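Q: Dropping a structure here in structure tokens format, bear with me for questions.
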Amino acid sequence: MNEFEKLEAELKELVPGPPSDEFTSRLENALGDAGNVAMRCMPNQEERKDDFAQARQPSSSIRFPRLLAFSGLAGLGLAAVWAVIFYLSSSIAPEGKTVKNLVDIPVIAQSNIPDSLLVAKEDPDSPLHGLSLDQLEDVSAMPVSGWSDPQINERFIRVVDEGIFEHPSGLPARRVRQYFMDETLWSHPASDTRILSTTPREEVLFIELDTY
Amino acid sequence: MKTEPIWKSWFARHGAKLLLFARQQSRRPDEAEDLLQEAFVRIWRLYGHTGEVAPGLVYRAIRRLAIDWARSIDRRQARENRVAMESPLALSFDRTLEQDERKQALLRAVERLPDQQKEVVILKIWGELTFDEIARTLDESLNTVASRYRYALQKLRNLVPEEMEGKKEGLTQ
Numbered sequence: 536m537n538e539f540e541k542l543e544a545e546l547k548e549l550v551p552g553p554p555s556d557e558f559t560s561r562l563e564n565a566l567g568d569a570g571n572v573a574m575r576c577m578p579n580q581e582e583r584k585d586d587f588a589q590a591r592q593p594s595s596s597i598r599f600p601r602l603l604a605f606s607g608l609a610g611l612g613l614a615a616v617w618a619v620i621f622y623l624s625s626s627i628a629p630e631g632k633t634v635k636n637l638v639d640i641p642v643i644a645q646s647n648i649p650d651s652l653l654v655a656k657e658d659p660d661s662p663l664h665g666l667s668l669d670q671l672e673d674v675s676a677m678p679v680s681g682w683s684d685p686q687i688n689e690r691f692i693r694v695v696d697e698g699i700f701e702h703p704s705g706l707p708a709r710r711v712r713q714y715f716m717d718e719t720l721w722s723h724p725a726s727d728t729r730i731l732s733t734t735p736r737e738e739v740l741f742i743e744l745d746t747y
Numbered sequence: 005m006k007t008e009p010i011w012k013s014w015f016a017r018h019g020a021k022l023l024l025f026a027r028q029q030s031r032r033p034d035e036a037e038d039l040l041q042e043a044f045v046r047i048w049r050l051y052g053h054t055g056e057v058a059p060g061l062v063y064r065a066i067r068r069l070a071i072d073w074a075r076s077i078d079r080r081q082a083r084e085n086r087v088a089m090e091s092p093l094a095l096s097f098d099r100t101l102e103q104d105e106r107k108q109a110l111l112r113a114v115e116r117l118p119d120q121q122k123e124v125v126i127l128k129i130w131g132e133l134t135f136d137e138i139a140r141t142l143d144e145s146l147n148t149v150a151s152r153y154r155y156a157l158q159k160l161r162n163l164v165p166e167e168m169e170g171k172k173e174g175l176t177q
């Protein structure tokens with residue numbers, strides 16, 4: 536090692552200290568939305584062991600208001616799943632065969648529902664017109680009560696830069712589209728039933744640019 | 005799945021080096037953070053969506069902003085009124101260096117280098133940029149940058165013993 540190399544090595548041993556936390560948080564404020572455009576997904580230990588646990592355990596990054604919104608929609612979603620199952624069970628079955636033959640569960644085709652049931656008194660809790668919750672339970676072969684609170688997970692997929700647009704204010708802005716997959720898991724411990732619903736979602740961000 | 009903005013890990017990796025360069029460029033410790041903030045935000049808004057930004061872009065932005073700011077009358081006035089203050093470079097390094105005479109002398113020697121050589125040393129040693137990247141950051145030719153670095157090391161070789169001697173003389177007086 537010559538003299539210069541030794542000098543370089545000595546200089547490299549001096550390590551500049553990191554910026555203060557206060558400065559970093561100041562930077563975060565200054566970045567605003569631009570700071571959240573590129574995100575890094577970091578799977579934790581548990582998720583590596585069991586991928587399905589990902590859907591069970593809500594991400595810590597989910598904001599509380601969003602969680603509330605999802606919870607509010609959860610009942611509606613579950614009802615929609617029931618409706619789809621009910622519809623499929625009645626429409627996919629080949630003629631002359633009942634769904635019972637196909638899936639080996641006590642389900643009756645729509646055509647077999649007695650007329651008296653179809654004109655039954657409206658059940659305000661039922662998601663389907665003309666069917667009470669009890670009837671729905673019979674028809675769909677799925678339990679109505681005993682479901683755990685739905686587990687919500689937001690999965691970041693990718694981000695696409697769509698270039699520079701003129702903001703309504705007249706200033707140039709970068710339009711960035713973020714894609715997420717929202718996952719909702721309903722589970723019924725008694726029957727060990729789980730329903731996972733995935734909904735794609737996209738968010739568009741306008742990042743105002745400085746004219747430099 | 006947990007998500008975190010990429011800029012945080014990026015800044016944790018490059019923040020210290022960038023702040024050091026900002027200190028060297030701004031010459032005033034209180035201005036360095038503003039300079040770095042302005043440069044980083046501008047660059048990240050333009051390129052941050054890609055998830056990876058070349059540090060050279062931020063170094064370049066710091067330098068250009070420092071030149072712009074130096075041109076403004078208020079800031080120039082402030083620079084002219086600058087009183088002898090603690091060395092901006094020394095501010096960037098660990099305080100435990102105070103116990104290491106040799107390292108302190110090294111830093112003081114770097115401080116005494118001409119500005120053009122000092123910025124090359126900072127970008128090369130602590131910024132870990134190649135000569136090519138330094139040349140682009142400083143808008144200079146590759147040969148000029150490499151020469152400045154070589155001259156800087158030659159100067160440091162002479163300045164460090166001087167600084168060590170000076171310290172000893174100061175102590176004996």
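From first to last, the protein sequence lines stand for chains A and B.
Residue numbers for the first sequence follow this note's numbering, so the first one is 536 and each next one is one higher.
Residue numbers for the second sequence follow this note's numbering, so the first one is 5 and each next one is one higher.
Ideal placement from N, C-alpha and C gives every residue a C-beta, glycine not left out.
Quick caveat, the model's predicted, so the values are computed rather than measured.
1) Can you tell which of B/L133, B/A36, B/A20, B/Q41 has its C-alpha closest to the C-alpha of A/R561?
2) Count the C-beta pairs between the segment 679 to 693 of chain A and the segment 713 to 721 of chain A that are closer than 8 angstroms, then say yes if the count reaches three, no if not.
3) At the 8 angstroms Cβ level, is A/R561 part of the contact set with chain B, yes or no?
4) So, for B/M168: in the same chain, excluding its five sequence neighbours on each side, which residues have a beta-carbon less than 6 angstroms away from its beta-carbon?
5) Just list the residues that DSSP pairs A/Y714 with in beta bridges.
6) Going by C-alpha distance, which of B/L142, B/A36, B/R46, B/L117 is nearest A/E563?
7) Could one say the Cβ of A/N571 lies closer than 8 angstroms to chain B's Cβ atoms, at least one of them?
8) Between B/P118 and chain A, is the shortest Cβ-Cβ distance under 8 angstroms, so that the two count as touching?
9) Assign A/T719 to one of three DSSP states: helix, strand, or coil.
10) May I ask you to report which of helix, strand or coil DSSP gives A/T728?
11) May I have the straight-line CA-CA distance separating B/G19 from B/G170, to the nearest angstrom?
12) With C-beta atoms as the reference, is A/A573 less than 8 angstroms away from A/I742?
13) Name the chain B residues whose beta carbon is nearer than 7 angstroms to that of A/F558?
14) Please confirm whether B/E8 has its beta-carbon closer than 8 angstroms to some beta-carbon of chain A.
15) Nearest-angstrom Cα distance between A/T733 and A/D717?
16) Given that A/D745 touches chain B, what residues does it touch there, using C-beta distances under 7 angstroms?
17) Based on the DSSP secondary-structure assignment, which residues constitute the bridge partners of A/N537?
18) Looking at the strands, I want to know which residues DSSP matches up with A/Q686.
A: So, from the listed chains and residues:
1) Closest in alpha carbon position to A/R561, among B/L133, B/A36, B/A20, B/Q41, is B/Q41.
2) Judged by Cβ distances under 8 angstroms, the segment 679 to 693 of chain A makes contact with the segment 713 to 721 of chain A, as three or more pairs qualify.
3) yes
4) A109
5) Per DSSP, the beta-bridge partners of A/Y714 are A/R693, A/E737.
6) B/R46
7) yes
8) no
9) Three-state result, A/T719: strand.
10) strand
11) 33 angstroms
12) no
13) Listed along chain B, the residues sitting closer than 7 angstroms to A/F558 by beta-carbon distance are E37.
14) yes
15) Our two residues, A/T733 and A/D717, have alpha carbons roughly 6 angstroms apart in a direct line.
16) R46
17) None; A/N537 has no bridge partner.
18) Beta-bridge pairing links A/Q686 to A/L720.
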